[in-house]
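Asker:
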Amino acid sequence: MSGAATGRPRRELIVRLAQEALAQLGPDPVVVDVGCDHGHVAAALGAIGVERRRQRLPRREDVTLVVADGLTPFRRVDLAVITGMGAETILGVLDAGPRPTVAVLHAPERAWALRQGLAARGYRIDAEALAPEARGYAEVMRVSTGEETATGLGLAFGPKLLDDPLLLEHVAHERARWAIRAEHASSPEREAAEAWLHFFDDVSAQRRSA
Numbered sequence: 000m001s002g003a004a005t006g007r008p009r010r011e012l013i014v015r016l017a018q019e020a021l022a023q024l025g026p027d028p029v030v031v032d033v034g035c036d037h038g039h040v041a042a043a044l045g046a047i048g049v050e051r052r053r054q055r056l057p058r059r060e061d062v063t064l065v066v067a068d069g070l071t072p073f074r075r076v077d078l079a080v081i082t083g084m085g086a087e088t089i090l091g092v093l094d095a096g097p098r099p100t101v102a103v104l105h106a107p108e109r110a111w112a113l114r115q116g117l118a119a120r121g122y123r124i125d126a127e128a129l130a131p132e133a134r135g136y137a138e139v140m141r142v143s144t145g146e147e148t149a150t151g152l153g154l155a156f157g158p159k160l161l162d163d164p165l166l167l168e169h170v171a172h173e174r175a176r177w178a179i180r181a182e183h184a185s186s187p188e189r190e191a192a193e194a195w196l197h198f199f200d201d202v203s204a205q206r207r208s209a
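Going by numbering that gives the first Met the number 0, the letters in the sequence shown line up with residues 0 to 209, in that order.
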């Protein structure tokens, strides 16, 4: 089984973006991995792992296990890792708990909705990259408090992805998905799908001319 099929490139990207953030934080940061599942990221970062079932997590002296609802038990969060959830769920976790200084996020679907929701809440995207998956590409981002200058469809892929070496492959994959939707949709859904297709073409042209 390939690494992409197992999610390893995505996990490695999440850890890299989180480690880069940790290097900029002060001593003894509070790091919370929400929905940590098997605990790969929490173990790599020495983080607090938040999950519904303790038995999934590795037993590590430097990893504190907390069965909790998102970030709500914590008074302070320096770095939050919230991945593998829907855009609305991630935004709900951020809304309910203390505002993290930095957050590393990944939504398997509707990443554009996550970016728009983050911008509306006063977060800006500081870094973003793609990782190959079994079907398509994962979009992983690191955000902090600040004004996001991109708006509208400019948040569809995130301005930080324009230089990603995997962007053209990702755009082609997403365009193929939306082309199928456009073919079978009725108006006004077809109009929305066609707007996405035009956007993908513009992104591809911009990337190739850079």
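Beta carbons are placed, not taken as given, at the ideal position from N, Cα and C, and that holds for glycine.
Under DSSP, the alpha helix (DSSP H) around residue 88 begins and ends at which residues?
Answerer: Looking up residue 88 in the sequence shown gives position 89. Note, residue 88: alpha helix (DSSP H), 86 to 95.
Asker: DSSP state of residue 170, grouped into three classes?
Answerer: Here residue 170 refers to the residue found at position 171 when the sequence shown is read from its first residue. Helix.
Asker: Who are the Cβ neighbours of residue 158 in its own chain at under 6 angstroms, not counting the five residues just before and after it?
Answerer: Within the sequence shown, residue 158 is the residue found at index 159, counting from 1. Hits under 6 angstroms: 149.
Asker: Under the rule that 16 or more other beta-carbon atoms within 10 Å means buried, what is residue 131, buried or exposed?
Answerer: Counting from one through the sequence shown, the residue named residue 131 turns up at place 132. It counts as buried.
Asker: Within 10 Å of its beta-carbon, does residue 137 have 16 or more other beta-carbons around it, so buried, or fewer, so exposed?
Answerer: For the purposes of this step, residue 137 is identified with residue 138 of the sequence shown, where counting begins at 1. Counting Cβ neighbours within 10 Å, residue 137 comes out buried, since at least 16 surround it.
Asker: Considering only C-alpha positions, which residue in the set 125, 26, 17, 206 is nearest to residue 168?
Answerer: For the purposes of this step, residue 168 is identified with residue 169 of the sequence shown, where counting begins at 1. Closest by alpha carbon: 206.
Asker: Quick one: what's got a C-beta closer than 6 angstroms to residue 114's C-beta in the same chain, skipping five residues either side?
Answerer: Taking the sequence shown and counting its residues from 1, the one referred to as residue 114 is at position 115. Counting only Cβ-Cβ distances below 6 angstroms, and skipping sequence neighbours, we find 154, 157.
Asker: Can you list, in chain order, the residues of its chain with a C-beta nearer than 8 angstroms to that of residue 21? Leave out the 5 residues immediately preceding and following it.
Answerer: Residue mapping note: residue 21 aligns to position 22 of the sequence shown, counting from 1. If we look at residue 21 and ignore the five residues flanking it on each side, its Cβ neighbours are 28, 30, 44, 78.
Asker: Which residues in the same chain as residue 74 place their Cβ atom closer than 8 angstroms to its Cβ, once the five residues preceding and following it in sequence are excluded?
Answerer: Residue mapping note: residue 74 aligns to position 75 of the sequence shown, counting from 1. Once the five neighbours on either side are set aside, the close Cβ partners of residue 74 are 97.
Asker: In or out: residue 197 buried (at least 16 other Cβ within 10 Å) or exposed?
Answerer: Along the sequence shown, one-based indexing puts residue 197 at 198. Label assigned to residue 197: exposed.
Asker: Taking residue 102 and residue 81 to be in contact with their CB atoms under 8 angstroms, please state how far apart those CB atoms are, rounded to whole angstroms.
Answerer: The residue given as residue 102 occupies position 103 in the sequence shown. The residue given as residue 81 occupies position 82 in the sequence shown. With a Cβ gap of about 6 angstroms, residue 102 and residue 81 count as contacting.
Asker: To which residues of the same chain is residue 69 closer than 6 angstroms at the C-beta, ignoring the five residues directly before and after it?
Answerer: Residue mapping note: residue 69 aligns to position 70 of the sequence shown, counting from 1. Hits under 6 angstroms: 33, 92, 95, 96.
Asker: Leaving out five residues on either side along the sequence, give the residues of the same chain with a beta carbon under 8 angstroms from the beta carbon of residue 170.
Answerer: Residue 170 sits at position 171 when you count from the first residue of the sequence shown. Cβ within range, chain order: 156, 199, 202, 203, 206.
Asker: Counting only the same chain and skipping the five closest in sequence on each side, list residues whose C-beta sits under 6 angstroms from that of residue 86.
Answerer: Mapped onto the sequence shown, residue 86 falls at position 87. Taken in chain order, the residues that qualify are 106, 109, 112, 113.
Asker: Quick check on DSSP: helix, strand or coil for residue 7?
Answerer: Taking the first residue of the sequence shown as 1, we reach residue 7 at position 8. Three-state result, residue 7: helix.
Asker: Residue 137 lies in the beta strand (DSSP E); which residues open and close that run?
Answerer: As a working note, residue 137 is residue 138 in the sequence shown. That run of the beta strand (DSSP E) goes 136 to 144.
Asker: Give the straight-line distance between the Cα atoms of residue 72 and residue 160, rounded to the nearest whole angstrom.
Answerer: Mapped onto the sequence shown, residue 72 falls at position 73. Mapped onto the sequence shown, residue 160 falls at position 161. The alpha-carbon atoms of residue 72 and residue 160 are separated by roughly 33 angstroms.
Asker: Are the Cβ atoms of residue 117 and residue 142 separated by less than 8 angstroms?
Answerer: Numbered from its first residue, the sequence shown carries residue 117 at position 118. Numbered from its first residue, the sequence shown carries residue 142 at position 143. Yes, Cβ-Cβ distance for residue 117 and residue 142 is below 8 angstroms.
Asker: Identify whether residue 158 lies in helix, strand or coil by the three-state DSSP scheme.
Answerer: Taking the first residue of the sequence shown as position 1, residue 158 is located at position 159. If DSSP states are grouped into helix, strand and coil, residue 158 belongs with the helices.
Asker: Relative to the C-alpha of residue 195, which residue among 26, 174, 3, 186 is closest?
Answerer: Translated into positions along the sequence shown, residue 195 becomes position 196. Ranking the options by Cα distance to residue 195, first place goes to 174.
Asker: In three-state terms, what does DSSP make of residue 211?
Answerer: As shown, the chain starts at 0 and ends at 209. That puts residue 211 outside it, with no answer to give.
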